[in-house]
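Participant:
Numbering (the working numbering), first residue to last: -14 to 282.
1. Would you give the residue range spanned by the beta strand (DSSP E) that residue 239 belongs to?
2. Do the stretch 124 to 131 and the stretch 93 to 103 meet, that is, are 3 or more Cβ pairs less than 8 Å apart?
3. Measure the CB-CB distance between residue 77 and residue 15 and report whether it falls below 8 Å.
4. When DSSP labels each residue in this structure, what does residue 276 get in the three-state scheme?
5. Nearest by alpha-carbon distance to residue 44: which of 112, 71, 6, 27 is it?
6. Would you kindly work out how many angstroms separate the C-alpha atoms of residue 204 and residue 251, rounded to a whole number?
7. From the DSSP output, in three-state form, read off residue 222 for me.
8. Starting from residue 167, follow its DSSP beta bridges and name the residues at the other end.
9. Give the C-beta separation of residue 89 and residue 136 to the nearest angstrom, bearing in mind that I take them to be a contact with Cβ-Cβ under 8 Å.
10. Roughly how many angstroms separate the alpha carbons of residue 238 and residue 108, rounded to a whole number?
11. Below 8 Å between beta carbons: does that hold for residue 2 and residue 85?
12. State the start and end residues of the unbroken beta strand (DSSP E) segment that holds residue -5.
13. Looking at the unbroken beta strand (DSSP E) that takes in residue 88, where does it start and where does it end?
14. Rounded to whole angstroms, what is the Cα-Cα separation between residue 234 and residue 228?
15. I'd like to confirm the pairing. Which residues does DSSP put opposite residue 52 in its beta bridges?
16. How long is the line joining the alpha carbons of residue 12 and residue 73, rounded to whole angstroms?
17. Distance, Cα to Cα, residue 124 vs residue 177?
18. Is residue 271 helix, strand or coil when you go by DSSP?
19. Reducing DSSP to helix, strand and coil, say where residue 231 ends up.
20. In angstroms, rounded to a whole number, what distance separates the CA positions of residue 147 and residue 35?
21. Determine which residues share a DSSP beta bridge with residue 92 and list them.
22. Got a sec, what are the start and stop residues for the beta strand (DSSP E) residue 186 sits in?
23. Do residue 174 and residue 138 come within 8 Å of each other at the CB atom, strictly closer than that value?
24. Which residue's Cα is closest to the Cα of residue 183: 222, 156, 211?
25. Helix, strand or coil, according to DSSP, for residue 135 in the structure here?
26. DSSP three-state call for residue 290: helix, strand or coil?
27. Can you name the start and end residues of the beta strand (DSSP E) that residue 2 belongs to?
28. If contact is defined by three or more beta carbon pairs under 8 Å, each pair taking one atom from either stretch, is the stretch 52 to 63 in contact with the stretch 16 to 28?
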């Protein structure tokens, strides 16, 4: 089977292959303007309007498409939504021209306390209704669709009654939001909980997917940890190829957030993702970091 390029719900552009903008790579990116198609920023790292990170981001955003990825929305919490935070997110998106904003299907705190962890939800009808309503409010405030990422999880609620792919499909349909499909997270959770990651991917509605994440995990023997601290593992590459077959190409982002190596090492993973896209039938003049049209001056 070959991968075909099929559109997403909103007609977002196929950005190609990108990396996260991380502090150790600031100097390299500014000096060399590497051949990647876009950069993803961790939203919370750039909410301040001054300082070196803001300066670097403004410079990068003048040459590359930007997408935003947050960790503080806490869409599954029962705490009220933080509209001060959302206002700063909206302002950052306007400043950078971000093409979309994403966060995680999780909760990060309750009663005003932030755990700084991405905690799983019970996958129930009640949770689904709760998250759908909150996503609608967030999208109305941001005046743009929100993309939610499938989590990596290490425990499951006995109260859960809805398989995660079905939960995501129903959520994205009812709230009219998008999905950031983290392929590494699918594999990590599948290993930890004993389900088939390929079947999971086949149940995802392709038109709701706007972006893929790839990353490395840490094998702890009894379970896998989503650490973003290593190369993409062979099993995750295999799952990525199957995902391309089902969904088609989407903007593909390589995450490397701990034990960060030099930029060339990260870039090699990006090139590998593109190679696999081409091997699945992608076109050489389609999305990819070899193009000369990745700048948007």
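Ideal Cβ placement from N, Cα and C applies to all residues, glycine included.
On a predicted model such as this, the values are computed, not experimentally measured, just so you know.
Facilitator: Put simply:
1. Numbered from its first residue, the chain shown carries residue 239 at position 254. 236 to 239 is the extent of the beta strand (DSSP E) around residue 239.
2. no
3. For the purposes of this step, residue 77 is taken as the residue at position 92 of the chain shown. For the purposes of this step, residue 15 is taken as the residue at position 30 of the chain shown. It is not a contact, given that the beta carbons lie outside the stated cut-off.
4. Position 291 of the chain shown, counted from the start, is the residue given in the question as residue 276. With a pLDDT of 41 at residue 276, under the threshold of 50, the modelled position of that residue is not reliable, and the figure given next carries that caveat. In the structure shown, residue 276 falls within a coil segment according to DSSP collapsed to helix, strand and coil.
5. Along the chain shown, one-based indexing puts residue 44 at 59. The shortest Cα separation from residue 44 among 112, 71, 6, 27 belongs to 6.
6. Locating residue 204 in the chain shown gives position 219, counting from the first residue. Locating residue 251 in the chain shown gives position 266, counting from the first residue. In this structure, the alpha-carbon of residue 204 lies about 20 Å from that of residue 251.
7. Stepping through the chain shown from its first residue, residue 222 is reached at position 237. Reduced to three states, the DSSP call for residue 222 is helix.
8. Against the chain shown, residue 167 aligns to sequence position 182. Partner(s): 198.
9. As a position in the chain shown, residue 89 is number 104, starting the count at 1. As a position in the chain shown, residue 136 is number 151, starting the count at 1. At roughly 6 Å, the Cβ-Cβ gap stays under 8 Å, so residue 89 and residue 136 are in contact.
10. Translated into the one-based positions of the chain shown, residue 238 becomes position 253. Translated into the one-based positions of the chain shown, residue 108 becomes position 123. Roughly 27 Å between the two C-alpha positions.
11. For this step, residue 2 is matched to residue 17 along the chain shown. For this step, residue 85 is matched to residue 100 along the chain shown. Result no, Cβ atoms of residue 2 and residue 85 do not sit closer than 8 Å.
12. The count along the chain shown starts at 1 and reaches residue -5 at position 10. Where residue -5 is concerned, there is no enclosing beta strand (DSSP E), given that its DSSP letter is neither H nor E.
13. Within the chain shown, residue 88 is the residue found at index 103, counting from 1. 86 to 89 is the extent of the beta strand (DSSP E) around residue 88.
14. Here residue 234 refers to the residue found at position 249 of the chain shown. Here residue 228 refers to the residue found at position 243 of the chain shown. In a straight line, the C-alpha of residue 234 is about 9 Å away from that of residue 228.
15. In the chain shown, counting from the first residue as 1, residue 52 sits at position 67. Beta-bridge annotation (DSSP): residue 52 is paired with 25.
16. Residue mapping note: residue 12 aligns to position 27 of the chain shown, counting from 1. Residue mapping note: residue 73 aligns to position 88 of the chain shown, counting from 1. So the two alpha carbons sit approximately 26 Å from each other.
17. Position 139 of the chain shown holds residue 124. Position 192 of the chain shown holds residue 177. Each residue's Cα considered, the two are about 32 Å apart.
18. Numbered from its first residue, the chain shown carries residue 271 at position 286. Residue placement at residue 271 is poorly supported in this model, since its pLDDT is 48, which falls under 50; the coordinates are not used for a value here.
19. The count along the chain shown starts at 1 and reaches residue 231 at position 246. If DSSP states are grouped into helix, strand and coil, residue 231 belongs with the helices.
20. For the purposes of this step, residue 147 is taken as the residue at position 162 of the chain shown. For the purposes of this step, residue 35 is taken as the residue at position 50 of the chain shown. Computed Cα separation, rounded: 44 Å.
21. Walking along the chain shown from the start, residue 92 turns up at place 107. Paired residues: 104.
22. Within the chain shown, numbered from 1, the residue matching residue 186 stands at position 201. Run containing residue 186: none in the beta strand (DSSP E); it sits in the alpha helix (DSSP H), 182 to 187.
23. Along the chain shown, read from residue 1 onward, the residue named residue 138 stands at position 153. Along the chain shown, read from residue 1 onward, the residue named residue 174 stands at position 189. A contact, by the Cβ cut-off of 8 Å.
24. On the chain shown, residue 183 is found 198 positions in, with the first residue counted as 1. Selected option, being the one with the closest Cα: 222.
25. Taking the first residue of the chain shown as 1, we reach residue 135 at position 150. Residue 135: coil per DSSP, three-state reduction.
26. Outside the modelled stretch of the chain, which goes from -14 to 282, sits residue 290, for which no answer is possible.
27. Your numbering for residue 2 matches position 17 in the chain shown. 2 to 5 is the span of the beta strand (DSSP E), which, as asked, contains residue 2.
28. yes
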